[in-house]
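**Q** The structure's right below; bear with me while I get my questions together.
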Amino acid sequence: MINIISINLKFGLLFPRQTTRRILIHHSASPDVSAATIHSWHLQKGWSGIGYHYVIRSEGSVEAGRKVEMVGAHAGPEVNWDSIGICLAGNFMEYAPTTAQLFALVQLVAYLRDIYQTDLEVLRHKDVAATECPGDCFPWPEKKLASILPYKRRK
Ligand SMILES: [Zn+2]
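In structure tokens form, the structure reads like this:
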């Protein structure tokens with residue numbers, strides 16, 4: 487069972503997502519940071535609020551961001567419409583995510599696949615856009631993640 491910490495973030499206009507077929511992994515490219523702090527950063531950019539649906543802190547706790555049923559703002563308009571954005575807090579250009587974070591990620595992916603009743607594909611932000619996100623130290627390919635963790639993936 488996964489524990490998702492939810493605080494009352496106030497959002498501007500959001501739109502329901504009609505299609506959900508993948509999960510995109512991000513890093514915050516910053517020190518460990520809360521969903522509330524990222525929310526304030528994204529509001530300052532003039533967005534409707536935090537663009538990610540979840541933030542995973544370095545000690546492994548999962549914080550809710552934008553409501554999961556709404557279109558996110560995390561990987562560009564071509565992919566936001568059909569994807570869920572998960573941000574792991576930290577700068578993985580400099581160091582790797584913690585094992586606790588990776589465990590939480592796998593639990594969260596399993597939880598979302600359960601909710602959506604489909605084997606949602608998991609990709610890194612850099613797999614769909616020209617970016618370094620989630621950083622060179624993020625364990626990938628998925629085989630590498632799987633060697634650390636129990637990990638299920640569609641063929
Ligand atoms: Zn990203």
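Take 487 as the starting number for the sequence shown in this note's numbering and just add one per residue. Think of the CB as a built atom: it goes at the ideal place given N, C-alpha and C, for glycine as much as any other residue. Computed from a predicted structure; not experimentally measured.
Less than 7 Å between C-beta atoms, sequence neighbours within five positions excluded: which residues of the same chain meet that for Gln587?
**A** Closer than 7 Å at the Cβ level, and outside the excluded window around Gln587, lie Ile542, Ser544, Gly546, Leu574.
**Q** So which residues touch the region around ligand 1, with touch meaning a C-beta under 5 Å from any heavy atom?
**A** This criterion selects His512, His611, Cys619.
**Q** Kindly indicate which three-state DSSP category Ile490 falls into: helix, strand or coil?
**A** Strand.
**Q** Does ligand 2 have a heavy atom nearer than 7 Å to the CB of Met556?
**A** Summarising the ligand content, the structure contains ligand 1 and does not contain ligand 2.
**Q** I believe Phe578 touches His513 by the beta-carbon criterion, under 8 Å. Please report the beta-carbon distance rounded to the nearest angstrom.
**A** Phe578 to His513, Cβ: 5 Å. Contact.
**Q** Is it right to say Ile536 is buried, meaning 16 or more other beta carbons lie within 10 angstroms of its own, or is it exposed?
**A** Buried, since its Cβ has 16 or more Cβ neighbours within 10 Å.
**Q** What residues in its chain sit with their C-beta under 7 Å from that of Trp626, if we drop five residues either side in the sequence?
**A** Excluding sequence neighbours, Trp626 sits near Arg610.
**Q** Across which residues does DSSP place Cys573 in a beta bridge pair?
**A** For Cys573, which the question treats as bridged, DSSP gives the partners His512, Val541.
**Q** Under 8 Å by Cβ, that's how I've got His539 and Ile572 pegged, so tell me the actual separation to the nearest angstrom.
**A** Rounded, the Cβ-Cβ distance is 7 Å, consistent with contact.
**Q** Measure from the alpha carbon of Ala522 to the alpha carbon of each residue in Ile511, Ile491, Pro502, then state which is nearest.
**A** It is Ile491.
**Q** Give me, in chain order, the residues of the same chain whose beta-carbon lies closer than 6 Å to that of Glu607; leave out the 5 immediate sequence neighbours on both sides.
**A** For Glu607, where only same-chain residues beyond five positions count, the Cβ hits under 6 Å are Arg508.
**Q** For the region 520 to 568, which segments carrying the alpha helix (DSSP H) assignment without a break, of at least 4 residues, lie completely within its bounds, in sequence order?
**A** 521 to 530, 563 to 566, all fully within the region 520 to 568.
**Q** What do you reckon, are the CB atoms on Gly558 and Ala615 nearer than 8 Å?
**A** No. Outside cutoff.
**Q** Below 6 Å CB to CB, which residues in the same chain sit around Ala515 once its five sequence neighbours on both sides are set aside?
**A** Around Ala515: Asn577.
**Q** Is it the case that the Cβ atoms of Cys623 and Tyr581 are separated by a distance below 8 Å?
**A** The answer is yes: Cβ separation under 8 Å.
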